[in-house]
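Have a look at the structure below, then the notes.
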């Protein structure tokens, strides 16, 4: 009686035969990419010295970037899905950073990973040939740096992107980056991105009999972990009378609106990124005339303060005060120097960044000295990347003349009503 033949698993055979490793077209395309990397990093000659087996070894350690995946996809909004999908595609298809500032050489992030992965594949070569190849590809190593450094840079960009788009009164998004070695569908190093939707932390706050929503602030670290922000009560200098050691830091939507409105023409992404950076590295509490102030910086330039109150063991940010506003140290100094009231600051529209951006006071020495004496002349030096408004035509001379005339005519017809409406709308805003 003859033995039965073991049935062949046709799906496994098909899987093996269809593997990209056995695909000569894919191999040719990948080696073309590697050749371009070699050309851009002054290793064109070195690439030509590679044997057929060494090129196959490079192809066997290739890079594969997967499409973005989604955790709890049903919780991801359509806009977020489109934004982060495009972001990941663009990230690997474009050059996010240059190899060297003084060189006109650029590679896409995918090509950089290809080059770095190739360099690691040389570790599998043995004997004298290994030493020869490492010497031949030294220029590439010098220009690309290390794989570890590049991975840290990618993680940095992913975390910054998430932090720059997260408004904590809405669903939060965590764009995660990871990698591992896989054998199928593409043998080599697989890099992949995953988007996670994180619920915001909300609560209620009653102010003047009105119910308002507040939301706890936080930030994503470079391990892609959400860190909710708490403020040590010792920084509140006796303002807090409870028994907690730290209070959650919360914010009202109104404060977000004022922040974005009063810091135009800075982009919303720039502003939210700086807020996230402040929460991570430079969160400070100042007590001024009994008020709780949290300084906000654009890069290293102070632009204003968040005004906070304590309610039910929470520190709640109610609004954002620009640096010229009353109830801030700099704003009160400006009032003494210029003699302008809160209403006049509003009327002359110097309660936001817009009229400072791009303005030049070199010919108006009197006004320039006034802002220097108040400690806020740096507002004229704040810059915004990609801003279309490069120059303002604010009439600082008219303001200067108004102050020198003793403020005899503050309001044009109808202007007083507009200011009163604004004050009513702001309520306790300032």
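Residue numbers (the UniProt record's numbering): 1 to 430. The C-beta atom is built at its ideal place from N, Cα and C for all residues, glycine as well. None of the values given here were measured: they were computed from a predicted structure.
Taking the Cα of residue 382 as reference, the smallest distance to any Cα among 400, 374 and 357 is reached at 357. Rounded to the nearest angstrom, the gap between the Cα atoms of residue 123 and residue 176 is 29 Å. Nearest C-alpha to residue 163 among 354, 59, 40 and 280: 280. Boundaries of the alpha helix (DSSP H) harbouring residue 396: 396-404, taken from the DSSP string. DSSP places residue 190 in the strand class (E or B) of the three-state scheme. The beta carbon of residue 376 is closer than 6 Å to those of 323 and 330 in its chain, skipping five residues each way along the sequence. Secondary structure at residue 318: strand, using DSSP grouped into helix, strand and coil. For residue 178, DSSP records a beta bridge to 192.
In the same chain as residue 271, and ignoring 5 residues on each side of it, the C-beta atoms closer than 7 Å to its own belong to 259, 260 and 263, in chain order. Between residue 274 and residue 298 a beta carbon distance of about 6 Å is seen, short of the 8 Å cut, so the two are scored as contacting. The straight-line gap separating the alpha-carbon atoms of residue 371 and residue 336 is approximately 11 Å. A residue is called buried when at least 16 other Cβ atoms come within 10 angstroms of its Cβ; residue 58 meets this threshold and is buried. For residue 250, the uninterrupted beta strand (DSSP E) segment begins and ends at 246-251. Secondary structure of residue 305 (DSSP, three-state): strand. In this structure, residue 317 places its C-beta atom within 9 Å of the C-beta atom of residue 307. Check the Cα spacing between residue 319 and each of 294, 208 and 341: the tightest is with 294. Out of 178, 148, 116 and 242, the CA that lies nearest to the CA of residue 134 is found in 116.
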